[in-house]
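Data block below; observations after.
Spelled out as structure tokens, the structure:
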């Protein structure tokens with residue numbers, strides 16, 4: 614078996630619920646999507662957070678992960694997402710996350726259904742893990758622990774996230790490997 | 008031996024599946040899902056000159072597990088300072104008693120043993136070989 618090829622995509626917050634409420638739609642090109650890099654160049658951008666008046670939040674981002682070439686494997690599972698490093702100096706500065714499903718999951722429990730133009734009030738957020746979680750913490754829409762691979766995965770893993778920045782946080786541009794201003798995520802999955 | 012279509016990095020990285028009848032299957036020539044999994048008595052992982060082995064001697068042994076980890080994660084130096092991201096490439100071998108998995112992670116880059124751990128089988132249900140699924144789950 615070779616390794617699967619995967620991608621991360623950022624989709625516009627204005628994406629209509631009906632445009633991603635089937636697995637086929639989520640796997641296809643979504644209008645306005647951008648494939649984000651796992652290195653420097655075209656990272657997902659939270660924008661500027663103005664904390665001149667105290668604690669503040671970034672905009673909400675919606676991201677999708679999927680397998681684009683199975684590498685001879687037939688299944689992927691145990692999807693884990695965590696914030697592996699941040700340069701924040703204030704303990705209150707954290708990343709908030711909510712695993713998402715499409716509207717085709719009528720009874721979400723581990724996820725919440727995607728909401729168009731989501732704000733920080735749209736979902737029930739948790740603080741993102743800052744070390745590798747012990748178990749799956751993001752899911753495909755059916756909330757199964759795995760996805761079948763047949764050339765591609767049979768769905769995507771989707772989540773929303775934003776940064777909650779505490780008052781008094783050191784100002785600057787947080788990104789990549791910049792010393793003291795690091796900001797990266799890790800994503801891990803098993804396959805066979 | 009006729010190899011599967013694999014990159015050259017698999018020249019020094021493969022897993023052998025030893026069957027009870029003496030046959031040795033090779034991950035480079037056969038997908039593990041095509042192996043007679045109910046007959047496997049040993050898994051031997053050959054990774055860049057290093058060899059790691061799992062036998063069917065654990066208490067309550069029901070079946071072997073064989074899967075890999077992918078993704079991307081941060082790495083840190085000995086002082087705990089961030090040292091960049093790298094592709095996750097881990098080959099995991101182990102076994103299950105039907106409730107827990109007893110696993111060994113092998114670093115695909117170096118062949119070194121990364122860690123051994125016990126995890127609930129519920130996290131790896133998809134990696135149960137179809138031939139032993141009923142046995143593993145006690146069905």
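Chains as they are written, first to last, in the numbering used here: chain A, 614 to 805; chain B, 8 to 146.
Every residue gets a Cβ at the ideal spot worked out from N, C-alpha and C, and that includes glycine.
C-beta neighbour in chain B for residue i, strict 8 Å
| i | result |
| --- | --- |
| residue 672 of chain A | no |
| residue 780 of chain A | no |
| residue 804 of chain A | yes |
| residue 614 of chain A | yes |
| residue 800 of chain A | yes |
| residue 633 of chain A | no |
Residue i at chain A interface by Cβ criterion, 8 Å
| i | result |
| --- | --- |
| residue 23 of chain B | no |
| residue 102 of chain B | no |
| residue 120 of chain B | no |
| residue 28 of chain B | no |
| residue 89 of chain B | yes |
| residue 53 of chain B | no |
| residue 114 of chain B | no |
| residue 50 of chain B | no |
Buried versus exposed, by CB contacts within 10 Å (16 or more), residue i
| i | result |
| --- | --- |
| residue 83 of chain B | exposed |
| residue 731 of chain A | buried |
| residue 111 of chain B | buried |
| residue 31 of chain B | exposed |
| residue 690 of chain A | buried |
| residue 47 of chain B | buried |
| residue 749 of chain A | buried |
| residue 117 of chain B | exposed |
Distance, residue j Cα to residue i Cα
| i | j | result |
| --- | --- | --- |
| residue 62 of chain B | residue 52 of chain B | 12 Å |
| residue 721 of chain A | residue 754 of chain A | 8 Å |
| residue 23 of chain B | residue 33 of chain B | 5 Å |
| residue 114 of chain B | residue 710 of chain A | 30 Å |
| residue 772 of chain A | residue 717 of chain A | 15 Å |
| residue 694 of chain A | residue 42 of chain B | 32 Å |
| residue 75 of chain B | residue 89 of chain B | 25 Å |
| residue 632 of chain A | residue 138 of chain B | 39 Å |
Residue i, DSSP secondary structure in three states
| i | result |
| --- | --- |
| residue 132 of chain B | helix |
| residue 794 of chain A | coil |
| residue 799 of chain A | strand |
| residue 778 of chain A | strand |
Problem - Those runs of the beta strand (DSSP E) which lie wholly inside the segment 715-766 of chain A and span at least 3 residues - result: 759-763
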